[in-house]
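Below you'll find the structure, written out as structure tokens, and then a few comments.
There are 6 protein chains.
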Amino acid sequence: MILKMDRLPIELPVPKNPSANDAAAIQELLGGKFGEMSTLMNYTFQSFNFRGRKKIRPFYDVIASIAGEEYGHIEVVSYAINLLLTGVTKRGFDPTTAPLADAVNARNTYHYIASGQGSLPVDSMGNFWSGQNVFSSGNLKLDLLHNFFLECGARGNKMRAYEMVSDPTARTMVGYLLVRGGLHIVAYAKALEKLTGVEVTKLLPIPDLSNNAFPEARKFMDQKLHLQLYTFSQDDYKQSGLIWNGPHPDDGQECVVIEGAIPGYPVPDLEEEPQLNSPGADDFDPQVFADMAKKMGIKYEY
Amino acid sequence: MILKMDRLPIELPVPKNPSANDAAAIQELLGGKFGEMSTLMNYTFQSFNFRGRKKIRPFYDVIASIAGEEYGHIEVVSYAINLLLTGVTKRGFDPTTAPLADAVNARNTYHYIASGQGSLPVDSMGNFWSGQNVFSSGNLKLDLLHNFFLECGARGNKMRAYEMVSDPTARTMVGYLLVRGGLHIVAYAKALEKLTGVEVTKLLPIPDLSNNAFPEARKFMDQKLHLQLYTFSQDDYKQSGLIWNGPHPDDGQECVVIEGAIPGYPVPDLEEEPQLNSPGADDFDPQVFADMAKKMGIKYEY
Amino acid sequence: MILKMDRLPIELPVPKNPSANDAAAIQELLGGKFGEMSTLMNYTFQSFNFRGRKKIRPFYDVIASIAGEEYGHIEVVSYAINLLLTGVTKRGFDPTTAPLADAVNARNTYHYIASGQGSLPVDSMGNFWSGQNVFSSGNLKLDLLHNFFLECGARGNKMRAYEMVSDPTARTMVGYLLVRGGLHIVAYAKALEKLTGVEVTKLLPIPDLSNNAFPEARKFMDQKLHLQLYTFSQDDYKQSGLIWNGPHPDDGQECVVIEGAIPGYPVPDLEEEPQLNSPGADDFDPQVFADMAKKMGIKYEY
Amino acid sequence: MILKMDRLPIELPVPKNPSANDAAAIQELLGGKFGEMSTLMNYTFQSFNFRGRKKIRPFYDVIASIAGEEYGHIEVVSYAINLLLTGVTKRGFDPTTAPLADAVNARNTYHYIASGQGSLPVDSMGNFWSGQNVFSSGNLKLDLLHNFFLECGARGNKMRAYEMVSDPTARTMVGYLLVRGGLHIVAYAKALEKLTGVEVTKLLPIPDLSNNAFPEARKFMDQKLHLQLYTFSQDDYKQSGLIWNGPHPDDGQECVVIEGAIPGYPVPDLEEEPQLNSPGADDFDPQVFADMAKKMGIKYEY
Amino acid sequence: MILKMDRLPIELPVPKNPSANDAAAIQELLGGKFGEMSTLMNYTFQSFNFRGRKKIRPFYDVIASIAGEEYGHIEVVSYAINLLLTGVTKRGFDPTTAPLADAVNARNTYHYIASGQGSLPVDSMGNFWSGQNVFSSGNLKLDLLHNFFLECGARGNKMRAYEMVSDPTARTMVGYLLVRGGLHIVAYAKALEKLTGVEVTKLLPIPDLSNNAFPEARKFMDQKLHLQLYTFSQDDYKQSGLIWNGPHPDDGQECVVIEGAIPGYPVPDLEEEPQLNSPGADDFDPQVFADMAKKMGIKYEY
Amino acid sequence: MILKMDRLPIELPVPKNPSANDAAAIQELLGGKFGEMSTLMNYTFQSFNFRGRKKIRPFYDVIASIAGEEYGHIEVVSYAINLLLTGVTKRGFDPTTAPLADAVNARNTYHYIASGQGSLPVDSMGNFWSGQNVFSSGNLKLDLLHNFFLECGARGNKMRAYEMVSDPTARTMVGYLLVRGGLHIVAYAKALEKLTGVEVTKLLPIPDLSNNAFPEARKFMDQKLHLQLYTFSQDDYKQSGLIWNGPHPDDGQECVVIEGAIPGYPVPDLEEEPQLNSPGADDFDPQVFADMAKKMGIKYEY
């Protein structure tokens, strides 16, 4: 089970230039083969399916902790997409003005037809995320090797996505993912090292360019976010510390485990898009809620 | 972001008769069009994409709360599948004895080839869950109507899955889902009622048979689990109480919101399956962890 | 079985500005998850699979009648797409002039490679329509609820497609679909009302904007096309009248059943596209047909 | 547009031995790559997209006529499946008796979970029919060649499906399809002959075995059903006669066009399956309809 | 088994105007339903699965020979795509300059994210090639008919792709494929003629336009490449000559079989794209190889 | 380009007990995500797309050599499947005896309907191989890491497939693939070692069980087949020797490169299956070929 927080791990700036096609490209990091849906679901299923945990629980705990973090990653990519899509069409209630005319030439028409200018579990070509992206062999060494490869492949995608978009919303988000996904690469490498004695971390960086080339990533590394593995749990997964320790391969600083979640920031507010009837509850009278809230002692304002 | 707990909402009995084909059938409730992956991901994306929250936040809070619960549902179905698959092939390290011979005639060969007798995001025919199962139009009334329909469709699947399997592990799990999914049906119905004034709860039950026909469901209703909407959050989504209140349509008892998660039970231990090399780390020396644990003050036993 | 008519339900104007990308967008209404292929095939399969018809035949008759109409809807969307694609590339027999050069930048290249500037069962992203869009649970209440939701979702897509395109061919077609699909929404709502007593029609409109906001829809409502359920059959499905009666929720006018099909108009003529070798039978001598026609007493002119 | 008839082209016997796996196999003829959904949708889209009709209308008329017949083919396969699935599980309202226990080992679990023991647009492996099975190039010669191949491929599938099942319901249906699909093969061959002068009919039979090897097919050939092309239209597609004429390649008898539809038989009644809540409207009071029927002058009995 | 050659059948010119969208369009000829992946895999599987070869080995040999050639076709289309994609983005190591900014508006974002500006097994819409494009019925006549149709369909796609692009790299490649694919059409037609006596070659050309309309194709026909069936084998498939002989239907010249492969040309060199870290081994010291090469007597230069 | 040989790398025994479901399971090794279609196509596309070859050609040569071998692997798995399917249904020309009756309960009905008891590009669940299984990032280190993981994953599948089937045809084939795939694992590990200096081979075996546990694999290792990398080319890819050299991690024997292909054995003869009309050319007179062969000097016997 989980507990949700209405918070994102980072503060997302409002886009300077909302861009439908930037949002479409960024979808690769959400619903692509190497997107955050894939990392989330791979580790989640591997944690459910992990056999014979007792003796090797630290491996279980690392996988489960990272699974916990990945939820926040689908969240932060989705919000970045949503911000990039906010205001890209003409606002208003009158359909005859063809407020969505530009969408005809946009790369992802689902953003306007299937969603209300919002994120979807699709990749940059509009192909849907699929469960066939999940690998869960039950063999620990193979699963760890997969995860190490998956994170390196995901890093490649992030680097290229970064090179496609210039807007600070997108780049801040990608910079963050490069750092945290980078930590996951090292975590799986360290897990393989613990299991086999092979110095897997020496293969890094894969691809060959360092995270230092990305200013937005550097900013988060200055906050030591490449060093801190969060358990994303109040009480569990503490044996992660038996894997995640020792020097970081990039700068030799000490790797540390922190119990709980990244403190984070409140989620951004997403403006209404009336031409999409989103959310569309214009006739609803909020006073109904206000009255009830008062009676029930629930905090509600409008 | 989320916090994970190493707990399931219910205590799953060990199967009396582990059954490969029962497990294959139960996959429909995990990776089917109306399975828990679908409910989880629908509400998750709708919560990320929800525009114009302030005035109508109680709707957002209900969707987010239920999204939180659904994570525990993919978890409990996965564990039920894993338990049903434990021990269904011959154990041992020698491949020449054809320990997986029975798998040749099993309905889901992925359970033995792609996974280590573990759950996968597939349905009862082995087709993969897909992002096209996610609906997130951004229009509140339409999204709520979708969710109401989705939960009714899911209920139909659960009822039929129940009729396919007799093992107590599977039936306990399905009974639980009938009750909690039933609560979600009522929650979306009440949300539509609040939004429109139409008595949507009077359409229930859909399909026509009551949850009372399922003894394992009745057991959970006796614990009032059909009445308690958990926020699955420590601090957020409290305005759910402005939707989830008043009498329950089944028995007239009062609907109540409880902050946080269902207390639950520790997750079951999954035995090793050596013929699948799962987990396979037989050469690993746990003393390495024991020594390090001692040094780092981390609790670890083997 | 069916009888076909070489007629469309409405008269489609010739596009003022044929547009490849408008055509690509309109494909959503044909081959999308909520497109006319979906409505057609859902009701068609539900009618084939309907168990225990006798006592509740009016429900069967309504579903079958609407299934009949949907065929004309895939037809009218297809013709609109075909008209929008007519003439969008350079005409002629010489391939060296790169007559399809613009297609390289068009959103749907299948229109030029797989088809001869013609419609295909794909959506606005070029993803193919799939049978997984068909819901046929066999439970009447659940199937009706599905259909009600499906039509509301389809309405949302039509509204947004309308906002994307300005050409009168597309808008006339969408306006027509809004009215007739709107009638289907009300029909399924009334069916649920008859079955359960709940005032489902009061949930309308979903999404929140009225059809009155669309001038092309208003034109068809002035012809009372929102009030007339056609049986699309010579002799059958007459018990539809036991569901489709009483006041229309929009304007209180009386709902009426009309036996047979909408009178309609001849299908448009689609010009040749020689650069696509479409139809390409340039060496064929029509006199062969003329001679045979004369001998056999069949009407043929060229 | 179409007019529907509540009739099947043939009278389907009630199965002697309803069989879940026979039904699963027969699905190939409905939703397979070469199933009736494919023939229906190929000719339907080709007819919508046909450019430059006037001079070569007989080709258009033949394609449209056959498209009309194919609707009856998806219908007759669906009803055969539905009859084969009727009664294959234990009837009753009590889920605790595991009435669907056998379904766990059945080849197509969708028949019990997604449908109410009814047909679905899937093939014999449970894979969904897809729009990518539609070919509509717009080039007449290529489309005709495709159709000729498609029908030959479909014939191969029908022959093999016949060899898989022994029940008279299935074999009667397949025998009928062999004859009518065989007529379509000859029709497309004759169309190619008219267009090119090449004696395409001399390639037949493809595959090599004659329809005479199938007793149920012979029965329909004795009724001359291999000779009669129906227009499946009241008023249109009469120029089909300019293609469909002359001797049949099998027996030299004269090919004739008949206007309208095959007379056919009423559709079979499908029994209720209460364990599936299908149709499940047990609380509905039909007297409501009876009273209304009386008032409105509509015929209704229960 | 196969032996590979580091050679292409033709010499590909360097593009005058590298073009991302041209490359995206050309993908249809590689990974489309009628692309070279399909022809390769159809004949490959048919050759593996061919039953009862002895008596009818010439048919087997023709299919196997053509299967051998098709490998060179996926190769030449891939290289054409790779050349068209070379240099279309800004070169350099610094990601902050957004070197891939243009890719955001390109039709195939996979070219920049999933591949390093390289070919992928996708079609012009970015949909992946699928094994469902393989037809292998085991019935010789049906398989030959399929292959004849497949090649005609492929020819239609090539003609249209030619009309979309003007660059000499693309057109040279397409001209070559028109000639060689044209030979395959005639080969399957001759095979059907041998098997049935029907003059199938008289159906040609399909579609109706001759290869003579394409200057780049004429160039290869002047080299008699439309007349020479290569066995693509050192020792096998020689009985192809019992099918491939007699006059060519286009110009009456004699068809001849040549043992072995087309002589061909060295494969083009593909420049590095540093902004994609492709290939990215910048820290690798080639002297390691140079030293080892010297010691082992292997030729290596850098 | 390639040259084909009508030879398999090993001699396949005739199955003792042909088995439809064994064949269905073995399909995973052909068309599964980790099957031979995937290894073949991954390395093939990577070789086409390899940028900047000169300095790092040994890596290119290794990938290309292995790509060459994989063709023989899809071949040998296909033939094993074909042998396992030979004779599993009743032979004869009369369809009324239901010769395919058993196929109704078989796991892969495509084997009887789509193919003539022959292999198809599908996995053990009948899902089609897809181009999305191809990874070709263009970054050398990432591609090598992928290939290393892919081969380890493939090894896991082979081990489990071995444990499912006992027939010597299947086990001989799998034993061979374990050895040769094992060589590929080591080759990619050595490539990574050359590129990075990390001792990747020390991670082996993955999964944890040695190939020595498989008697059929040991037989091939006794022939030193785990040591010999073939270039699968007459003249090219010789720089593979700069990667493939030094001691083998399993037994310390020297790794050697051999130019050309494995000598191999003639392909097995596949018996006719008349109930499937496969191949079905019963009316064909081979004397036509015999006469022509004599005239043309081609060797042909029947």
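Chains as they are written, first to last, in my numbering: chain A, 749 to 1050; chain B, 749 to 1050; chain C, 749 to 1050; chain D, 749 to 1050; chain E, 749 to 1050; chain F, 749 to 1050. C-beta atoms are modelled at their ideal positions from N, C-alpha and C, and glycine is treated no differently.
Endpoints, the alpha helix (DSSP H) within which Val-1036(A) is located:
For Val-1036(A), the enclosing alpha helix (DSSP H) has its first and last residue at 1035-1044.
Three or more C-beta pairs below 8 Å linking the region 826-843 of chain D and the region 958-967 of chain B:
yes
Collapsed DSSP secondary structure at Val-1015(A) in the structure displayed:
coil
Pairwise C-alpha distance: Asn-895(A) and Leu-940(A):
10 Å
At least three beta-carbon pairs within less than 8 Å, the region 901-910 of chain F to the region 906-913 of chain E
no
Would you kindly report the start and end of the unbroken alpha helix (DSSP H) that includes Lys-942(C)?
916-944
Below 8 Å, can you find three or more Cβ-Cβ pairs linking the region 796-810 of chain B to the region 925-934 of chain F?
no
Where the beta strand (DSSP E) containing Glu-985(C) begins and where it ends
Correcting the residue type first, residue 985(C) is Tyr in the shown sequence and not Glu. It is not in any beta strand (DSSP E) - Tyr-985(C) carries neither H nor E in the DSSP assignment.
Any chance you could list the alpha helix (DSSP H) runs of at least 4 consecutive residues sitting entirely within the region 809-878 of chain B, in chain order?
858-861
Report the rounded CA-to-CA distance for Asp-850(E) versus Glu-776(A), giving the unit in angstroms.
Those two C-alpha atoms are separated by around 16 Å.
Residues, ordered as in the chain, of the region 811-836 of chain C that lie near chain E by beta-carbon distance below 9 Å
none
Note the first and the last residue of the continuous alpha helix (DSSP H) segment covering Tyr-910(A).
888-912
Hey, out of Leu-868(D), Arg-799(D), Lys-938(D), His-974(D), whose CA is closest to Met-785(D)'s CA?
Of the candidates Leu-868(D), Arg-799(D), Lys-938(D), His-974(D), Leu-868(D) places its Cα closest to the Cα of Met-785(D).
For Val-852(C), return the contacting residues in chain E, with the cut-off set at a CB-CB distance below 7 Å.
Counting only Cβ-Cβ distances below 7 Å, Val-852(C) has contacts in chain E at Asn-769, Asp-770, Ala-773, Met-912, Val-913, in chain order.
What does Ser-885(E) reach in chain D if we use C-beta pairs closer than 8 Å?
Taking the beta carbon of Ser-885(E) as reference, the chain D residues within 8 Å of it are Gly-901, Gly-904, Pro-955, listed in sequence order.
For Phe-876(D), would you say it is in contact with chain C, using Cβ-to-Cβ distances shorter than 8 Å as the test?
Residue contact with chain C for Phe-876(D): present (Cβ-Cβ distance below 8 Å to some residue of chain C).
Tell me the rounded alpha-carbon separation between Pro-847(A) and Ser-826(A).
For Pro-847(A) and Ser-826(A), the distance between alpha carbons rounds to 24 Å.
Just to confirm, are Gln-1001(E) and Ser-884(E) a CB contact at a threshold of 8 Å?
no
So, helix, strand or coil for Glu-1021(E), using DSSP?
strand
Please tell me whether Gly-816(D) and Phe-980(D) are closer than 8 Å, where the distance is taken between their beta carbons.
yes
Taking 8 Å as the cut-off, does the region 914-925 of chain C touch the region 749-769 of chain C (at least 3 CB pairs, one atom from each stretch)?
yes
What does Gln-1023(B) touch in chain F if you count any residue whose Cβ is under 9 Å from its own?
Going along chain F in sequence order, the residues near Gln-1023(B) (Cβ under 9 Å) are Arg-908, Glu-911.
Using CA coordinates, which residue listed in Ile-804(A), Pro-766(A), Thr-787(A) is at the minimum distance from Asp-1031(B)?
Ile-804(A)
Separation of Gly-864(B) from Leu-977(B), as counted between CA atoms:
Whole-angstrom Cα-Cα distance: 35 Å.
Please check if any C-beta of chain B sits within less than 8 Å of the C-beta of Glu-1007(F).
no
Those residues which DSSP pairs with Glu-1002(A) across a bridge
Pro-995(A)
Could you check what DSSP says for Ser-1026(A) in three-state terms: helix, strand or coil?
strand
Can you pull the chain D residues whose beta carbon is under 8 Å from the beta carbon of Ala-849(B), in chain order?
Under the 8 Å cutoff, chain D gives no residues; its nearest Cβ is about 17 Å from Ala-849(B).
Return the residue from the list Gly-989(C), Ser-988(C), Asp-970(C), Gly-904(C) that minimises the CA-CA distance to Ile-954(C).
Gly-904(C)
Could you work out which residue in Gly-901(A), Tyr-860(A), Asn-993(A) is closest to Ile-829(A) when comparing CA atoms only?
Tyr-860(A)
Beta-carbon contacts of Ser-699(B) that lie in its chain and below 8 Å, excluding the five residues immediately before and after:
The structure shown has nothing for residue 699(B), since chain B only spans 749 to 1050.
Gly-779(F) at chain D interface by Cβ criterion, 8 Å:
no
For a contact meaning CB atoms closer than 9 Å, what does Pro-757(C) contact in chain D?
Met-749
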